[in-house]
Amino acid sequence: MRTGRDTTRTARTTALLLLPLVLVGLTGCADDSDDGYVDFAAYEQEFHDYAERLPLPEGDSYGELRPPEEPTEYGVDAGRVLALSYYTCFWTREYLRAHDDGDVPRRDRAEGRLADGLKDPMIKYSVGNPEREALDEARLGDLTKFRQEVAANCPEGS
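Residue numbers for the sequence shown follow our numbering, beginning at 775 and rising by one.
Below, the structure written as structure tokens:
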């Protein structure tokens, strides 16, 4: 036979166990946009804000992003990743041009900029860190990965 005290304890325990589920459910219904995605304007702003901190070789520029034709959401940090990708492309291309021209000081400057980019957490902690591997191989004279990167991933005409 249960006493009033046992019933109260059971009800209290049940309420405490259900409270986290209710709170999670209410959070899911909240009307805020902090879901890890941003619109194009925020993506573009993030891109330009981060690009300002990443200087490019002389004569190169990041240019403007084209808005999508349809409403699109972007993951938070996608603008930063794009700026860093452009930075890596431009400096890799500069490294190759300097190497092909026999301009050692220019090549060394490009190598330094690429090494700076490797310090960014987006690259530093990436799986496998292929950028580090490509730079290490370039330092040893093997430019294969640099040439493949530029051919496959860098914007034309830049």
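Think of the CB as a built atom: it goes at the ideal place given N, C-alpha and C, for glycine as much as any other residue. The model shown is predicted, which means the values in this text are computed figures rather than measured ones.
{"Asked": "So, under 8 Å CB-CB, P831 and W865 are touching, yes? Tell me the CB distance rounded to an integer number of Å.", "Found": "7 Å"}
{"Asked": "Taking the beta carbon of T801 as the centre, do at least 16 other beta carbons fall within 10 Å, making it buried, or is it exposed?", "Found": "Summary for T801: the model assigns pLDDT 35, below 50, so the residue's position carries little reliability; its value from the coordinates is reported in the next sentence. It counts as exposed."}
{"Asked": "One question on the structure: do L870 and F920 come within less than 8 Å of each other, judged by their Cβ atoms?", "Found": "yes"}
{"Asked": "Using a 10 Å radius around the Cβ and a threshold of 16 neighbouring Cβ atoms, would you call E844 buried or exposed?", "Found": "exposed"}
{"Asked": "Quick one: Cα of G849 to Cα of E868, how far?", "Found": "29 Å"}
{"Asked": "Does DSSP put G849 in a helix, in a strand, or in coil?", "Found": "strand"}
{"Asked": "Which residue's Cα is closest to the Cα of S859: E847, A825, R880, D877?", "Found": "A825"}
{"Asked": "Cα separation between K893 and D823?", "Found": "18 Å"}
{"Asked": "Can you say whether G915 is buried or exposed, counting buried as having 16 or more other CB atoms within 10 angstroms of its CB?", "Found": "exposed"}
{"Asked": "Grab the span of the alpha helix (DSSP H) containing G886 for me, first residue to last.", "Found": "878 to 891"}
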